[in-house]
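What follows is one structure encoded as structure tokens, with my remarks underneath.
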Amino acid sequence: MDFQLSEEQKELQESVRRYATERLLPIAEEIERTGEPPSRELVHEFAEMGYLGINVPEALGGQGLGNLEALLVLEELGKVSSAVAFPVFESCVGPVRAIEKFADPSLVASVVPAVCAGDKMIAIAMSEPQAGTALTDLTTKARIEGDEVIINGTKRWCSGGGHADAYLVYCRFSDEPGAKSIGAVYVEKGTPGLSFGRPEHLMGFRGVPSSDIFFDNVRVPANNVVVNAGGFKKLMAAFDLERCGNATMAMAQAAAALADVAEYVQERRQFGKAIVDFQGVQLKLAEMQMQVEASRLLIWRAAVDAEHGFPSISASSIAKCFANEIARSVTGNALQLMGGYGYSKEFPMERRFRDAWGWGIAGGAIDIQKVNIAGALIGRRFNQRA
Ligand SMILES: Cc1cc2nc3c(=O)[nH]c(=O)nc-3n(C[C@H](O)[C@H](O)[C@H](O)COP(=O)(O)OP(=O)(O)OC[C@H]3O[C@@H](n4cnc5c(N)ncnc54)[C@H](O)[C@@H]3O)c2cc1C
Numbered sequence: 058m059d060f061q062l063s064e065e066q067k068e069l070q071e072s073v074r075r076y077a078t079e080r081l082l083p084i085a086e087e088i089e090r091t092g093e094p095p096s097r098e099l100v101h102e103f104a105e106m107g108y109l110g111i112n113v114p115e116a117l118g119g120q121g122l123g124n125l126e127a128l129l130v131l132e133e134l135g136k137v138s139s140a141v142a143f144p145v146f147e148s149c150v151g152p153v154r155a156i157e158k159f160a161d162p163s164l165v166a167s168v169v170p171a172v173c174a175g176d177k178m179i180a181i182a183m184s185e186p187q188a189g190t191a192l193t194d195l196t197t198k199a200r201i202e203g204d205e206v207i208i209n210g211t212k213r214w215c216s217g218g219g220h221a222d223a224y225l226v227y228c229r230f231s232d233e234p235g236a237k238s239i240g241a242v243y244v245e246k247g248t249p250g251l252s253f254g255r256p257e258h259l260m261g262f263r264g265v266p267s268s269d270i271f272f273d274n275v276r277v278p279a280n281n282v283v284v285n286a287g288g289f290k291k292l293m294a295a296f297d298l299e300r301c302g303n304a305t306m307a308m309a310q311a312a313a314a315l316a317d318v319a320e321y322v323q324e325r326r327q328f329g330k331a332i333v334d335f336q337g338v339q340l341k342l343a344e345m346q347m348q349v350e351a352s353r354l355l356i357w358r359a360a361v362d363a364e365h366g367f368p369s370i371s372a373s374s375i376a377k378c379f380a381n382e383i384a385r386s387v388t389g390n391a392l393q394l395m396g397g398y399g400y401s402k403e404f405p406m407e408r409r410f411r412d413a414w415g416w417g418i419a420g421g422a423i424d425i426q427k428v429n430i431a432g433a434l435i436g437r438r439f440n441q442r443a
């Protein structure tokens with residue numbers, strides 16, 4: 058067992074860190090001010106840097122590296138801001154990986170290289186007004202008619218809704234309830250019958266557009282079916298990797314908050330001395346450091362266990378749940394240690410706190426991760442309906 062990164066991984070981490078701090082900090086501030094997502098130019102720049110689909114095979118336009126490398130890049134970009142890192146999140150751990158693994162080769166060839174080149178952004182549309190944690194209650198219907206699929210229904214909370222070029226849409230292929238009839242279809246923006254709700258105003262995640270998506274007899278080629286009925290397990294396997302990405306984005310908020318506050322407490326003076334010289338402050342810093350380091354190791358464990366495949370539900374749920382919880386507490390403590398300055402929008406601390414909260418709802422709320430973890434521990438899935 059080796060807890061060290063290789064020389065190449067350290068170099069990658071260092072180069073992204075340099076690029077992120079030198080180039081992306083002002084962009085993150087601008088995104089926060091305007092609420093506009095990263096520009097297409099920036100997304101193309103990410104492609105040139107090789108960050109989009111870094112863990113996608115070279116034959117499909119990626120860098121052919123592993124999941125750990127993808128998460129190293131994501132952490133450094135996520136420390137700058139969730140919105141800045143979001144296109145890399147979607148390309149490395151999001152719906153694109155499900156398309157790459159499960160779609161028809163012709164669809165893979167038309168979608169994945171375009172994502173890695175920065176020409177296409179794909180979002181994931183699972184949640185619905187009445188199907189959040191209970192995802193298998195989803196009612197969006199896909200009906201196969203000849204060589205077409207016809208989709209009807211409503212999706213909610215889609216990150217990238219209205220902005221992304223295409224959507225991986227979870228659908229039900231028959232009237233059979235539960236997971237068995239659920240699959241997923243690839244749908245491009247601009248397809249007749251596809252429309253979007255008003256942009257959502259969320260507590261955080263500024264610069265990650267979100268909206269409802271409406272499907273009114275949307276017709277796409279049957280070849281766009283990425284996973285057919287009966288393939289829900291495949292979708293959830295791909296989601297195990299997304300969980301590690303979510304965990305990384307949450308942990309990155311905590312790591313960046315800790316780095317900033319560690320400097321702040323050495324500069325800020327009260328009662329005639331730097332506040333870091335109060336033992337109460339030292340204890341807080343130590344707790345935050347332990348939480349961030351433990352979180353990073355849990356994420357890396359999940360990623361390394363599945364270097365080129367998908368992590369286990371247990372390792373990815375533990376990594377996500379822990380990161381989600383510590384991100385809320387570390388960013389909250391860092392904000393508190395900055396006093397009024399932490400609460401001011403002049404500094405990125407309050408944004409990190411707001412974003413950290415969101416990562417603990419996105420991708421499955423914290424408590425349902427705990428249900429997954431207990432299930433893995435006991436050795437059976439707990440039926441939430443019985
Ligand atoms: C920032 C953000 C980004 C998102 N991005 C996307 C996206 O890109 N695509 C997408 O499809 N969705 C997205 N979502 C939606 C997200 O997946 C859902 O919000 C999430 O799954 C929770 O569903 P819900 O909001 O309907 O809450 P509910 O399911 O109503 O749950 C509310 C609370 O009830 C509790 N609860 C519910 N069921 C259980 C249970 N069985 N055991 C224990 N506690 C339980 C939990 O505490 C939970 O937090 C996003 C959400 C947020 C906040």
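Be aware that the sequence shown starts at 58, since it is given in the working numbering, and climbs by one per residue. The beta-carbon is built from N, C-alpha and C at its ideal position, and this holds for glycine as well. Please read these numbers as outputs of a predicted model, since none were measured by experiment.
- Burial check for Met-183: the Cβ neighbour count within 10 Å reaches 16 or more, so the residue is buried.
- For Ile-418, the secondary structure class from DSSP, reduced to helix, strand or coil, is coil.
- With contact defined as three or more Cβ pairs closer than 8 Å, the segment 132-145 and the segment 100-116 are in contact.
- If one requires a minimum length of 3 residues, the beta strand (DSSP E) runs lying completely within the segment 246-281 are 251-253 and 267-278, in chain order.
- Here Asn-209 carries a strand assignment [DSSP, helix/strand/coil].
- Partner residues in the beta bridge of Cys-215, as assigned by DSSP, are Ser-268.
- Per DSSP, the beta bridge partners of Glu-202 are Glu-205.
- Taken through DSSP and simplified to helix, strand or coil, Arg-438 comes out as coil.
- Just so you know, the alpha carbons of Arg-74 and Ala-422 end up roughly 29 Å apart.
- In this structure Val-137 is in contact with Leu-82, their Cβ atoms being roughly 6 Å apart against a cut-off of 8 Å.
- The residues Thr-388, Gly-389 and Leu-392, in chain order, have a CB closer than 7 Å to that of Phe-410 in the same chain once the five nearest residues on each side in sequence are set aside.
- In the structure shown, Arg-408 falls within a helical segment according to DSSP collapsed to helix, strand and coil.
- For Ile-111, there is no enclosing beta strand (DSSP E), since its DSSP letter is neither H nor E.
- Of the heavy atoms belonging to ligand 1, none sits nearer than 7 Å to the Cβ of Thr-211.
- Assignment of Gly-337 by DSSP, reduced to helix, strand and coil, places it in the helix class.
- In the three-state DSSP reduction, Leu-129 falls in the helix class (H, G or I).
- Collapsing the DSSP output to three states places Val-150 in coil.
- Closest option to Gly-436, judged by alpha-carbon separation, among Arg-408, Ser-371, Arg-154 and Ala-85: Ser-371.
- The way I'd put it, the segment 275-294 does touch the segment 230-248; three or more beta-carbon pairs between them come closer than 8 Å.
- Exclusion of the five residues before and after Leu-315 leaves Met-345, Gln-346, Val-349, Val-387 and Ala-391 as the residues of its chain whose Cβ lies within less than 7 Å of its Cβ.
- For a cut-off of 8 Å, the C-beta gap from Ile-201 to Ala-140 is around 37 Å, too long to register as a contact.
- DSSP places Arg-229 in the uninterrupted beta strand (DSSP E) bounded by 223-229.
- Taking a C-beta distance under 8 Å as the contact criterion, Gly-250 and Val-275 qualify as a contact pair.
- Under the DSSP assignment, Ile-332 falls outside any beta strand (DSSP E); it carries neither an H nor an E label.
- For Ala-180, the secondary structure class from DSSP, reduced to helix, strand or coil, is strand.
- A check of alpha carbon separations from Phe-230 across Phe-367, Gly-240, Phe-103 and Ala-116 identifies Gly-240 as the nearest.
- Not one heavy atom of ligand 1 is found less than 7 Å from the C-beta of Gln-310.
- DSSP places Arg-325 in no alpha helix (DSSP H); its state is neither H nor E.
- Remark: the shortest separation between the CB of Met-58 and any heavy atom of ligand 1 does not fall under 7 Å.
- Nearest to Val-100 by C-alpha distance, out of Leu-62, Met-308, Ala-360 and Asp-222, is Asp-222.
- For Lys-67, the uninterrupted alpha helix (DSSP H) run begins and ends at 64-76, by DSSP.
- One thing to note: Leu-259 has its Cβ within 8 Å of the Cβ of Ser-267.
- Within the model, the alpha-carbon separation for Leu-69 versus Glu-126 is close to 8 Å.
- Residue pairing by DSSP leaves Val-100 without any beta bridge partner.
- A straight-line Cα-Cα distance of about 26 Å links Glu-65 and Lys-158.
- Thr-388 has its Cβ no nearer than 7 Å to any heavy atom of ligand 1.
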